[in-house]
Amino acid sequence: MTIDANTLVNSDASLISRRCWSDPAVYELEKRAIFGKAWLFLGHESQIPAPGDFVQAYMCETPIILARGEQGAIHASINSCTHRGLPVCRADHGNTKRFVCPYHNWSYTVAGDLVAIPQERQVCNKPDKSELGLKQVPRLESWNGMIFGSFDADIESLEDYLGDMRFYLDAFFARFPQGIEFVGSPHRWLIDANWKLPMENQLGDVNHGPYLHATIIPDAANEEIINCGHSVVTTPGHGATFRLMPEDTPVENVAWGFESITGQTGGEELQDYLRDIQAQAAERVGPLRARMKGLTYGVYPNLSFLWSNASFKVSHPRGPGKVEYWSWSVVPADAPDHLKKLLRTNYTSFFGPGGMVEQEDSESWMQQFRGANIDFADDRPFYYGLGMGEEKPHPELPGLVSGTANEFYARAFFQRWRDALLAEQGESHG
Ligand code: FES
Ligand code: FE
């Protein structure tokens, strides 16, 4: 069946068809229209500090090796041998001089150049190895240590793509003298849901907190969200939610980490450390951003950040009804090791496959996906109209700003998503 994206998302994106999440044909179109045209998050420079270091990554369903070459440059190669397609790298992360394919032992440098074909000694016509390296991701850029790749050679620069989201991301990164680092390998697990469901949740859906997470999130936090909560869309598809605390708020009521089990019971040393960071926040990020107590962020199409428990997440599609979710713990780069450990414990208690909050969210995404597959309900699309038109420019904050009950973050995402599908169809028809 031909897809008409205008029937999937209406003009103001207040009504969204269940087929957006469940239709295999929509998914196939998304691969080219969304994942073929966007900047996709690959990893953080702190994961590959030394020459020869590598980690695995994905761009949609395409496996990628992200590696630091001998001269220190970063490379992103498609993890598929140019002989018969096997993955040449099987470890999740490590350090190496060569990737050697297990089938016929062709070997490649960490930059992806083909350097040895054992069988060529037995043939007269030698292949041109310079033409047979691993396929490189056409665009690779990083901002503040965050490395992104794109299959679109003509895409705008990463800085332009992120736009004003940099202002909000830096409200966290720049709080710490040495920035942040990613700890260890990501948690990875499969969820029976569509990739857009986690993404929409973290772009701005903080309103499920008092209900879905009623037993975990303290009443005081819910009160703060109602009284001080802000939802921002910088560019459609990118969004941030946070509380902007009053100017005279005591340090520990703004400090990152204090809402967590570790923040509250992690001991005096950790609490002092977190208070110190907050006490210096105005110097580092300015007085306005120092008052931000972050909630969730989303970067189009599938990267998100949970500030209060410090994790970055990527929602990798594996078909319309399956997500391979990757989730990293993030800590201040210059924190003492034992405090980094405590902060990571905090993250795993709330998020990751065994995290208390994650369990409740994952269950909701699976149920929502089932709701998107119900027969005889096509004439009842999902309602996305809450707070329509209430978002406004703000005197100090970049982007359009509103209270957190306004679903404009999701409408903006789906308008961009719909327009990307239409543009892709226009290109393939034209
Ligand atoms: Fe890799 Fe043959 S498939 S060497
Ligand atoms: Fe949640």
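If you want our numbering, it's the 1-based position in the sequence shown plus 1.
Beta carbons are placed, not taken as given, at the ideal position from N, Cα and C, and that holds for glycine.
Residue closest to residue i, alpha-carbon to alpha-carbon, out of the options
i	options	result
Leu43	Lys393, Val300 and Thr235	Val300
Lys98	Gly86, His84, Thr83 and Asp114	Asp114
Ser131	Arg140, Glu392, Ala241 and Val116	Val116
Tyr298	Ala291, Pro219 and Arg244	Arg244
Gln57	Pro50, Ser78, Gly37 and Ala39	Ser78
Leu271	Gly258, Glu361 and Ala283	Gly258
Gly295	Leu387, Lys314 and Cys229	Cys229
Trp196	Pro247, Asn303 and Glu160	Asn303
Phe168	Arg85, His231, Gln179 and Thr235	Thr235
Thr110	Met293, Gly386, Pro88 and Glu71	Glu71
Met367	Phe414, Glu325 and Leu159	Glu325
Gly320	Asp193, Leu16 and Tyr162	Asp193
Thr242	Glu248, Glu225 and Glu253	Glu225
Ala256	Leu423, His231, Ala311 and Ser350	Ala311
His188	Ile49, Pro399 and Phe352	Phe352
Glu201	Gly404, Ser81 and Asp362	Asp362
His105	Pro88, His94 and Asp93	Pro88
Lys136	Met147, Cys125, Ser151 and Arg292	Ser151
Glu428	Thr63, Asp161, Lys38 and Ser309	Lys38
Leu163	Thr63, Gly53, Ser143 and Asp153	Ser143
Thr349	Leu159, Ser186, Asn126 and Val252	Ser186
Glu248	Asp277, Ala221 and Ala282	Ala282
Leu289	His84, Arg371, Gly390 and Asp171	Asp171
Glu391	Ser403, Glu397, Ile49 and Thr63	Ser403
Gly267	His231, Lys342 and Asn223	Lys342
Asp277	Ala336, Asp220, Leu401 and Ser158	Ala336
Separation of residue j from residue i, as counted between CA atoms
i	j	result
Trp327	Ser316	7 angstroms
Glu269	Leu340	11 angstroms
Arg20	Pro199	17 angstroms
Thr250	Gln279	11 angstroms
Tyr410	Ile75	33 angstroms
Ala34	Glu284	42 angstroms
Lys1	Gly355	Outside the displayed span of the chain (2 to 431) sits residue 1, for which this structure offers no information.
Val331	Ile181	7 angstroms
Thr346	Ala51	26 angstroms
Ala26	Ser18	14 angstroms
Ala373	Phe415	16 angstroms
Glu359	Thr216	13 angstroms
Asp165	Tyr274	29 angstroms
Tyr385	Asn254	33 angstroms
Gly431	His239	Interpretation of Gly431 is limited by its pLDDT of 45, a score under 50 that renders its predicted location unreliable; no figure is taken from the coordinates.
Gly210	Arg292	21 angstroms
Arg417	Pro237	6 angstroms
Gln179	Phe173	12 angstroms
Phe177	Asn11	43 angstroms
Gln426	Glu29	12 angstroms
Thr8	Arg419	10 angstroms
Ser365	Val138	34 angstroms
Cys90	Arg69	14 angstroms
Thr3	Glu31	14 angstroms
Pro394	Asn145	27 angstroms
Leu141	Ala221	43 angstroms
Asp5	Phe183	41 angstroms
Range of the contiguous alpha helix (DSSP H) that encloses residue i
i	result
Glu365	First, the amino acid is wrong: residue 365 is Ser here, not Glu. It spans Met357 to Gly372 - the alpha helix (DSSP H) in which Ser365 sits, taken as one unbroken run.
Tyr162	Leu159 to Leu163
Val111	Neither: Val111 is in no alpha helix (DSSP H) and is coded neither H nor E.
Glu397	Looking at the DSSP string, Glu397 is not in any alpha helix (DSSP H), and its letter there is neither H nor E.
Asn254	Val252 to Val255
Delimiting residues of the beta strand (DSSP E) encompassing residue i
i	result
Asp335	Here Asp335 belongs to no beta strand (DSSP E), and DSSP marks it neither H nor E.
Ser12	Ser12 -> no beta strand (DSSP E), and no H or E assigned at all.
Phe313	Ser312 to Pro318
Val286	No beta strand (DSSP E) contains Val286, which is instead part of the alpha helix (DSSP H) from Ala282 to Ala291.
Arg99	Arg99 to Val101
Ser18	Neither: Ser18 is in no beta strand (DSSP E) and is coded neither H nor E.
Val402	Leu401 to Ser403
Asn96	His94 to Asn96
Tyr385	Tyr385 -> no beta strand (DSSP E), and no H or E assigned at all.
Ser435	Here the chain comprises residues numbered 2 to 431, so residue 435 is not present and cannot be evaluated.
The ligand ZN heavy atom lying under 6 angstroms from the CB of residue i
i	result
Leu115	The ligand ZN is absent from the structure shown, which contains only the ligand FES and the ligand FE.
**Report entry** Those runs of the beta strand (DSSP E) which lie wholly inside the stretch 116 to 148 and span at least 3 residues
**Finding:** 140 to 144
Report task. Counting only runs of 3+ residues fully inside the stretch 168 to 248, write out the beta strand (DSSP E) ranges in chain order. Result -> 181 to 192, 230 to 234 and 240 to 245
**Report entry** Inside the stretch 28 to 88 only - beta strand (DSSP E) runs reaching at least 3 residues
**Finding:** 41 to 45, 54 to 60, 63 to 69 and 75 to 79
Report task. Just jot down, in chain order, the residues whose CB lies closer than 7 angstroms to any heavy atom of the ligand FES. Result -> Cys82, His84, Arg85, Gly86, Leu87, Val89, Cys102, Tyr104, His105, Asn106 and Trp107
Query - Closer than 7 angstroms to the ligand FE: residues, by C-beta to nearest heavy atom, in chain order - result: Sorted by position in the chain, Asn202, His209, Gly210, Leu213, His214, Val358, Glu361 and Asp362 make up the residues whose C-beta lies under 7 angstroms from a heavy atom of the ligand FE.
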